[in-house]
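J.: Can you read through this structure? Questions will come right after.
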Amino acid sequence: MNKILVFAGSARKASVNKKLAAVAAETARAAGAEVTLIDLADYPAPVYDGDIEAGEGIPQSIRDLKTLIASHDGMIIVTPEYNGCVPPLLVNSLDWASRPEGDEVSSAVFAGKKVAIAAASPGGMGGVRVIPRLRDFLAELGVVTVPGFVTLPGAFSAFDDDGKLTDEKTASMLEALVGRLVSSLAQ
Ligand code: FNR
1 MNKILVFAGS ARKASVNKKL AAVAAETARA AGAEVTLIDL ADYPAPVYDG DIEAGEGIPQ
61 SIRDLKTLIA SHDGMIIVTP EYNGCVPPLL VNSLDWASRP EGDEVSSAVF AGKKVAIAAA
121 SPGGMGGVRV IPRLRDFLAE LGVVTVPGFV TLPGAFSAFD DDGKLTDEKT ASMLEALVGR
181 LVSSLAQ
């Protein structure tokens with residue numbers, strides 16, 4: 001009923017988006033959701049290539065990711081902004097996961113999922129330009145993005161030693177966003 005899958009669009013070990021995803025996961029747990037926090041680095045896949053798909057098929061890592069997505073009602077995606085756009089790791093993972101298998105239709109695993117989105121960047125804009133692009137991309141997959149978003153500027157100095165957000169305003173915006181996702185899943 002309210003299972004939420006949380007991941008960041010960065011594989012980097014010290015990723016600030018992973019840090020924000022971890023805070024979002026904790027916030028969702030506190031709001032009563034059952035939460036699974038994953039690292040896309042654990043689901044590696046080659047850059048999408050129709051020849052790979054036609055030959056070896058969808059990589060096992062992506063099959064595992066699809067199974068996880070299917071078994072959750074909602075997602076929280078926290079992404080870096082690369083040149084104003086959605087980074088290739090996230091695009092590649094979601095593109096692969098959108099591919100059908102057997103009788104499945106394209107993007108079936110995403111249909112009707114509810115998602116909250118956020119971005120973190122060391123820059124002053126917090127990755128705000130990626131938000132509408134990610135929202136459009138997700139809409140193509142049949143995902144319903146809950147209203148609003150959170151951006152985290154100056155992200156390299158936005159967390160304390162325990163990984164908590166030091167700015168209370170951002171923490172409460174994240175709480176409100178995650179709260180909207182959790183209550184939309186309860187309906
Ligand atoms: C960036 N970065 C960046 N930042 C930003 O705010 N707006 C942007 O358009 C870009 N563009 C961009 C392009 C490329 C190719 C790279 C590698 C980086 C910087 C980016 O925000 C920074 O590397 C973050 O630390 C990435 O997020 P993680 O890995 O820390 O989560």
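For the sequence shown, the UniProt record's numbering begins at 1 and goes up steadily by one.
Positions of the beta carbon are idealized from the N, C-alpha and C atoms, including for glycine.
1) If you follow the beta strand (DSSP E) that A119 is part of, which residue opens it and which one closes it?
2) Below 6 angstroms CB to CB, which residues in the same chain sit around V128 once its five sequence neighbours on both sides are set aside?
3) Beta-carbon within less than 6 angstroms of V144's beta-carbon, same chain only, minus the 5 sequence neighbours each way: which residues are those?
4) For the segment 45-55 and the segment 115-122, state whether three or more C-beta atom pairs, one from each stretch, are separated by less than 8 angstroms.
5) In angstroms, rounded to a whole number, what distance separates the CA positions of V130 and V86?
6) Given 8 angstroms as the limit, is there contact between the segment 7-24 and the segment 76-84, that is, 3 or more CB pairs closer than that?
7) The ligand FNR heavy atoms versus the CB of P132: any closer than 7 angstroms?
8) Would you say K13 touches the ligand FNR, meaning its beta carbon is less than 7 angstroms from a heavy atom?
9) What is the DSSP secondary structure of A8, reduced to helix, strand or coil?
10) Could you tell me the alpha carbon to alpha carbon distance between T27 and L165, rounded to whole angstroms?
11) Would you kindly work out how many angstroms separate the C-alpha atoms of V35 and A108, rounded to a whole number?
12) Is there at least one non-hydrogen atom of the ligand FNR closer than 7 angstroms to the beta-carbon of G123?
13) Near D160, which residues of its chain fall below 8 angstroms by C-beta distance, leaving aside the five closest residues on each side in sequence?
14) So, using beta-carbon positions, are L181 and V146 closer together than 8 angstroms?
15) Is S71 near A45, with beta carbons less than 8 angstroms apart?
16) Is it the case that the Cβ atoms of D18 and D39 are separated by a distance below 8 angstroms?
T.: Quick look at the numbers:
1) K114 to A120
2) T151
3) K114
4) no
5) 6 angstroms
6) yes
7) no
8) no
9) strand
10) 11 angstroms
11) 22 angstroms
12) yes
13) T166
14) yes
15) no
16) Contrary to the premise, residue 18 reads as Lys rather than Asp in this sequence. The answer is yes: Cβ separation under 8 angstroms.
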